[in-house]
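Protein chains in written order, with our numbering: chain V, -15 to 432; chain U, 619 to 1078.
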């Protein structure tokens, strides 16, 4: 047995047949009607991502969580060739990673392994994606795990407030759905409906494949073609983009016995592909630094004040802070936003942020998985994976005037949510029409 | 003759040259890693990695919780925050942050049990500017009372965020019970009162004790050339004065006492939407049993295999959603711990199964030779994954530098491959089998009433 590891070590050091004819430039190809994007990695690892487009658009609110459970079942409930244990044991032998995620705009099913192990891991990956068994006993186990993980996520205040904010902001809309689902819904999902759901979304019209690794083009093409032949064709997915523009500022709160209070704000932002997009990215990055400086450095109000722009089918501006002084925080926030809307950012700030943005682009390309994420996101959201490479030049074209204009345009009415001690906050500061909350009866968490 | 003399001359000259440059013996290092020790004692490692055109620089200091008695609990951490506040060249935080923006920098710092580190990532053409910026912050900090008054609640806020998380509450309580009187030496986040009453004078005490080149390492990693990077490091950090003493000899760390009996506790907290359980043992440390630290990692990896008895009993049978088993290598007693998210309906069965598993660790047949090889195979591949992201390499390396040695870091993957079944059994027998531990569960009131853990979560 020991020889196996020695052999692996020797093979890894030698030049690899898999990569001997790999291309050095990124390229795309179409296999069985599915776009496949390949980017070289110049390292010993390979990352493959199959994307199922649609995300929360694929299921109704009363079934939220079904896609996440289906994706988890692919690796946890056996395949036509392996039961769950056999599948996982084979992966363990080569430290292969096969797993998936369901997100707002798409689901991913991923492979990551050392290139020399690709021939062992790929058949497992392909089987799981195309021929999952959905074994009933294993399904009941992972359904209970999914319920436990929903509770686990609720225990983390940062996750909990993010979910709460989305529920309040997007009530009745697609983005109000939580890909993890709710305890009540997930606990009742059956194996049959989950299997049926998976079958309904697994069609070539919804797929995209991204590969980051130094692998021979012909070998890759053969493997992917064989896998895709097992998947039915389907109509091209038509992504529905929905802008978020709250008509007024609002404030909602929920009482929780925490050592501090969490506040999150959501408002609209430019949709992918619009002219404002890149300028707003820069504006929010600069704003994030200023927000940090004013809230943390100058006023000592929070450890990790955050502000960011999340582009997607519904783009959002997000602000988050944990603080024991929520009212003081809001005053600092308002002063900063008013000043920026009045005076604008400076040319130097925009110039510096462009440099910082370039660093962050490279920083996100340090690993194959991160590079694959960037390619997936640009292809799904912009229909242009090459933007992942050209973004540095595009960002440099943005002007100061554009940055100032978009900040004024989008930083408007904010949907605020609050989690913690309601007695500490004056809702009227957040939403001028709100009434004060009743006095709290919160007691601190008990520690033995 | 001439040739022989010439060869001898070259050899002697080479030895002399090496002594002049470093004056110290070279540690073993992986390919593309280069090391120098400057005359002031500052170790410098340059790692050439051109995956992306960035450079990451990190300075790590042998400071952290292990240097803190109760009156300083959390102040290494506060010191780390103050690093980013003000210094002679950037006298307030606005100017400090503006400089990070000019350099397009991603930056942060962390404080652990045995290390405090500061790291910047930027475009590789800013290496000199980045090193100068690091030098200003490291050597010429300014501690103003008013700055500290603003920063104390920020650090306290970090603590409050942690306290809002049930996993942290459980972890914190387990640490208190494991380390007893010396708990502060394992608690980087610190104590509320000490943090809120910290003064510039206390910051200077930390600086004067630990912030010296001979207690630090500088790592430069990325799309850089080692000759040029060493030159810059020497030029910029060469005038940093050696302390004239070894801080860890002058201010010795007290020895942690072994646990004498197992200790169980139940914490009821409304913020625990789902229960968590943690079990912790005092494991090996680098100073006293470095071989066991290596065996410990192989055993933890083995326990994580899907085929292991641990995973099959707890995860496959649906008793827990996850059941992590880990060891953390440290210079002063590394913990071995299990962190479990039990299925709430099966807390009792889960706890009993964990106790059964631990009791069986040392029994023949608990693991197979094949599983040991699988674990080693995973650790071999982990090295490829661990070195994939250039900006993360300095932090990984300095963890080992602080708690073990650079040789340990370099040899670790090879040493994993040399671990035998007997090594693993010796580790289990010495640190886990029939050894006292601390066990805690955090649960909300409703589940506590329903599942009554007090009845069975205790010493039998």
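All residues carry an ideal CB built from backbone N, CA and C; glycine is no exception.
Within the region 303 to 327 of chain V, the runs of alpha helix (DSSP H) that reach at least 4 residues and sit entirely inside it are, in chain order, 310 to 327.
When C-alpha distances from residue 241 of chain V are compared across V:228, V:140, V:372, the shortest belongs to V:140.
Residue pairing by DSSP puts residue 881 of chain U in a beta bridge opposite U:1056. The alpha-carbon separation between residue 287 of chain V and residue 769 of chain U amounts to approximately 9 Å. For a Cβ distance threshold of 8 Å, nothing in chain U lies close to residue 32 of chain V: the least Cβ distance comes to about 16 Å. Note on geometry: alpha-carbon atoms of residue 205 of chain V and residue 77 of chain V lie some 26 Å from one another. At the C-beta level, residue 126 of chain V and residue 201 of chain V stay beyond 8 Å of one another. Nearest in C-alpha terms to residue 950 of chain U, of all of U:964, U:906, U:978, U:967, is U:906.
The CB of residue 771 of chain U comes closer than 7 Å to the CB of 284 in chain V, given here in chain order. Considering only V:171, V:268, V:151, V:167, the residue with the shortest C-alpha distance to residue 337 of chain V is V:268. Residues of the region 670 to 693 of chain U whose Cβ lies closer than 7 Å to any Cβ of chain V, in chain order: 670, 671, 672. Taking CB atoms only, residue 347 of chain V has a neighbour in chain U less than 8 Å away. Around residue 1009 of chain U, the beta-carbon contacts reaching into chain V at under 8 Å are 347, 350. Bridge pairing for residue 736 of chain U: U:677, U:727 [DSSP]. Within chain U, the C-beta atoms nearer than 7 Å to that of residue 135 of chain V come from 891, 892, in chain order. At a cut-off of 8 Å, the C-beta of residue 401 of chain V has no neighbouring C-beta in chain U. Judged by DSSP secondary structure, residue 1066 of chain U falls within the alpha helix (DSSP H) whose first and last residues are 1063 to 1069. Judged by DSSP in its simplified three-state form, residue 661 of chain U adopts strand. Against chain U, a Cβ distance below 8 Å from residue 342 of chain V picks out 722, 741. In this structure residue 948 of chain U is not in contact with residue 915 of chain U, their Cβ atoms being roughly 13 Å apart against a cut-off of 8 Å.
Straight-line measurement puts the Cα of residue 292 of chain V at about 17 Å from the Cα of residue 229 of chain V. Comparing C-alpha distances from residue 987 of chain U to each of U:953, U:1035, U:977, U:1005 shows the shortest one belongs to U:1035.
At a Cβ-Cβ threshold of 8 Å, residue 404 of chain V and residue 148 of chain V do not count as neighbours. In the DSSP assignment, residue 141 of chain V falls within the alpha helix (DSSP H) that extends over 141 to 153. Between the alpha carbons of residue 371 of chain V and residue 362 of chain V lies a distance of about 6 Å. Between residue 921 of chain U and residue 943 of chain U, the CB-CB gap stays under 8 Å. Between residue 949 of chain U and chain V, the shortest Cβ-Cβ separation is not below 8 Å. Setting aside the 5 residues that flank it on each side, residue 235 of chain V is surrounded in the same chain by 400, 411, 414, 415, 418, each with a C-beta closer than 6 Å to its C-beta; the list follows chain order. Beta bridge pairing from DSSP links residue 938 of chain U with U:960. In the DSSP assignment, residue 59 of chain V falls within the unbroken alpha helix (DSSP H) covering 50 to 60. A check of alpha carbon separations from residue 377 of chain V across V:101, V:263, V:11 identifies V:263 as the nearest.
Taking every protein chain shown into account, the CB of residue 275 of chain V has 16 or more other CB atoms within 10 angstroms, so this residue is buried. Listed by position along chain U, the residues whose Cβ is nearer than 9 Å to that of residue 308 of chain V are 771, 774, 775, 778.
Below the 9 Å Cβ cutoff, chain U contributes no neighbours of residue 10 of chain V, its closest Cβ being approximately 15 Å away.
Contacts with chain V at 8 Å (Cβ-Cβ) do not include residue 806 of chain U. Taking residue 992 of chain U as the centre and dropping the five residues before and after it, the same chain places the C-beta of 923 closer than 7 Å to its C-beta, in chain order.
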